[in-house]
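Residue numbers (my numbering): 4 to 519.
Here's what the structure looks like:
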């Protein structure tokens, strides 16, 4: 790519960052890094009524946790700052004034009552979508219908006003989207959007166009929900004389509910028991009371696994490969391979990715997860043993907490035993094998996994018992469970004295006469 690629991720600090926003940030990041470009993080905080304290820091922490670090941002600085729109108020005002001076925007003094009356008139006339547009503006209080003197008088008196874009009545607006192809909208379908609000703050439409131009953004990669606004933004680029340097647009497909029926929401996450936010957050709810949002981080998802999962929600590499490091994603990523249709949010696939990333970690890396859990339970364990436990368990682990949840038996003798296994497998035959096994392992000089297996097989041969008849009972006596990691590895890690003690305890706790 010839040009110096510059992209931006521009969230609003109005609450927790939705996982769909994280995917948008990821696609921007991958695209920028692929072409040795620059990623800008811009905080779009012009909607002061919806501003939530702490939300900006939440955005920063979320992106840093998952590993998306912008080159320019309110935190890192950069030559095109400031990177908070609330700090760029005067910049927008001059461009809004320029649009007015050149006849492409106008002052509108309509009160909320005036606007409501207009909507009611249009509804009565059976207009499907009431709009403030090229037709209705002629009946409203604005600088196109009022005299120049009256406009000045209203402005000088401090009367509230907004600045609206003057959309041409009969014009075809065209946009070549990198995902959607050509998008064509007739200007009659575009209303005269507000560019500057009565509080002097710009709306998204003006601010993002001005910022993208001044920050030399070359590609705008954003969610599908902004596609209807894109023709309006094209008009602004034309009116401001920036059409030749207008960025290329790519509107990403929606993240859908697990059943594919509609956009993924927090409610879907609550309903199905999975997070839809990157990290935990606590923000005011609709009723004003604090609302806590669960996060992928707190659920135990690894950042690399989540990145891999999100990358495939709307994009595919065109091959069968599913596991990609971040470097591989950067190399393989292309906007041309982003689909147009929405992507179903499959949490089971996210768990699968997490499991794959845990599997390839070393015992030393994995031991840090288990060590944290042991500390909370005041349990000490040698590092070498910790690593061996993690290596024995990692094939079955989905989340880091599973090392403790499913592996407590490595540190604590079972107090409870799987009732289903007791009922089906705890037989006189099994107890007889276990008593012999206990005696034999205590007589062994060393007890490796191979030794443990060989000793058990010898006992089974002598007694004429098949392994399948007693294997679950042996596991039950040692771990309290009917399934788990390789049992012989468990025996080697625990050691012969501990295994013998557990067999003795199980035989005493589960007498055969109590079993039907």
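Backbone N, C-alpha and C fix where the C-beta goes; we use that ideal spot for every residue, glycine too.
Between residue 250 and residue 214, the CB-CB gap reaches or exceeds 8 Å.
In this structure, DSSP gives residue 184 an extended state, which the three-state scheme calls strand.
One thing to note: residue 344 has its Cβ within 8 Å of the Cβ of residue 256. As a beta-bridge residue in DSSP terms, residue 12 pairs with 44. Secondary structure at residue 251: strand, using DSSP grouped into helix, strand and coil. Looking at the backbone, the Cα of residue 442 and that of residue 411 are separated by about 25 Å. Beyond the five residues adjoining it in sequence on each side, residue 460 comes within less than 8 Å, by CB distance, of 470 in the same chain, given in chain order. For residue 176, the closest of 190, 169 and 203 by C-alpha to C-alpha distance is 190. The shortest C-alpha to C-alpha distance from residue 230 to any of 199, 220, 188 and 245 is the one to 188. Taking 8 Å as the cut-off, the beta carbon of residue 9 is found no closer than this to the beta carbon of residue 49. A Cβ-Cβ separation of about 7 Å places residue 494 in contact with residue 450 under the 8 Å criterion. In this chain, the beta strand (DSSP E) harbouring residue 167 covers 165–168. Cβ-Cβ distances below 6 Å link residue 417 to 483 in the same chain, with the five nearest sequence neighbours on each side left out; the list follows chain order. In this structure, the straight-line span from the alpha carbon of residue 75 to that of residue 130 is close to 46 Å. Under the DSSP assignment, residue 225 falls outside any alpha helix (DSSP H), being part of the beta strand (DSSP E) whose first and last residues are 222–226. For residue 33, the secondary structure class from DSSP, reduced to helix, strand or coil, is helix. Residue pairing of residue 341 in beta bridges, as defined by DSSP: 318. In this chain, the beta strand (DSSP E) harbouring residue 199 covers 197–199. Going by DSSP, residue 111 is part of the beta strand (DSSP E) stretching over 108–111.
Counting other Cβ atoms within 10 Å of its Cβ, residue 185 stays below 16 and is therefore classed as exposed. Residue state for residue 211 is assigned as helix, using DSSP reduced to three classes. A contact is defined here as three or more CB-CB pairs under 8 Å, and the stretch 23–31 meets this definition with respect to the stretch 254–274.
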